[in-house]
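J.:
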Amino acid sequence: MEEKRYKAIIESILFTMGNSVELEKIAATIELDSKETKRMIEELAREYEDEGRGMRIMELENAYQMCTSQDTYEYLIRIARQPKKHVLTDVLLETLSIVAYKQPVTKAEIEKIRGVSCEHAVSKLVEYNLISELGRLDAPGRPMLFGTTEEFLRNFGVHSLEELPRMSQMQMEEFKREAEAEVEVQI
Numbered sequence: 035m036e037e038k039r040y041k042a043i044i045e046s047i048l049f050t051m052g053n054s055v056e057l058e059k060i061a062a063t064i065e066l067d068s069k070e071t072k073r074m075i076e077e078l079a080r081e082y083e084d085e086g087r088g089m090r091i092m093e094l095e096n097a098y099q100m101c102t103s104q105d106t107y108e109y110l111i112r113i114a115r116q117p118k119k120h121v122l123t124d125v126l127l128e129t130l131s132i133v134a135y136k137q138p139v140t141k142a143e144i145e146k147i148r149g150v151s152c153e154h155a156v157s158k159l160v161e162y163n164l165i166s167e168l169g170r171l172d173a174p175g176r177p178m179l180f181g182t183t184e185e186f187l188r189n190f191g192v193h194s195l196e197e198l199p200r201m202s203q204m205q206m207e208e209f210k211r212e213a214e215a216e217v218e219v220q221i
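Per the numbering used here, residue 35 is the first one in the sequence shown, and the count goes up by one each step.
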């Protein structure tokens, strides 16, 4: 195998692993001795540096790790500070609508309406700050109660929950039947 190919494999290993990888492991993986592997890694590291690339290969106690270049740090901070846009799937939207209309509501009540587990959906909606824990229901097991947040109102352009259209019992039953049919299709 030619050296260019070995370097590409080393680069892939370091990029994919994310953490430091011992020289011996890299050498064993590419089936070369440690001395030759070390030479190629150091050469690859110099190429990164000489070309002014955004990545660097660092040696850490006889192991190597791919890291970002220090001169790009301020740009990484900028991108990390940008607000993340959350995508609401149909499942999340259904769960959110149940919380909005029935709040305060427990997970068990949501699951009864949807006909499926809502653990993941509720966790995501809490993470996105669209719903929050409002307290506990005074009942056996003291289940958590959930309701919408101000962030929910802002994101959906609603000033008050009173602005939400009223859902009739018939619409709620239809919603439940659709959710149950969806579950049957998935099984």
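Using N, Cα and C, we set each Cβ at its ideal position, and we do this for glycine too.
Nearest to Met-89 by alpha carbon, out of Pro-138, Gln-137, Glu-45, Glu-212?
T.: Checked all of Pro-138, Gln-137, Glu-45, Glu-212; the closest Cα to Met-89 is Glu-45.
J.: Shortest alpha-carbon distance to Gln-211 belongs to which of Asp-172, Glu-153, Gly-149?
T.: It should be noted that the sequence gives Arg, not Gln, for residue 211. Per the Cα distances, Gly-149.
J.: Look at the alpha carbon of Glu-85 and the alpha carbon of Lys-72, and state the distance between them as a whole number of angstroms.
T.: So the two alpha carbons sit approximately 20 angstroms from each other.
J.: Ser-166 lies in the beta strand (DSSP E); which residues open and close that run?
T.: Counting along the chain, the beta strand (DSSP E) containing Ser-166 begins and ends at 165 to 170.
J.: Leaving aside the five residues before and after Phe-49 along the sequence, list all residues of the same chain whose C-beta is less than 6 angstroms from its C-beta, in chain order.
T.: Answer for Phe-49: Met-100, listed in chain order.
J.: Distance check for Arg-87 and Gln-104, CA to CA, integer angstroms please.
T.: Going from the Cα of Gln-104 to the Cα of Arg-87 covers about 11 angstroms.
J.: What residues match up with Leu-179 in a beta bridge as DSSP calls it?
T.: Partner(s): Gly-169.
J.: Look at the alpha carbon of Val-139 and the alpha carbon of Ile-64, and state the distance between them as a whole number of angstroms.
T.: Distance between the alpha carbons of Val-139 and Ile-64: 56 angstroms.
J.: Should the stretch 177 to 191 be regarded as contacting the stretch 122 to 133, the criterion being three or more beta carbon pairs within less than 8 angstroms?
T.: Flag = yes, the stretch 177 to 191 and the stretch 122 to 133 touch.
J.: Looking only at C-alpha atoms, which of Ala-61, Glu-58, Leu-78, Tyr-162 sits nearest to Ala-42?
T.: Nearest C-alpha to Ala-42: Leu-78.
J.: Start and end of the beta strand (DSSP E) containing Glu-93?
T.: Glu-93 -> beta strand (DSSP E) spans 89 to 93.
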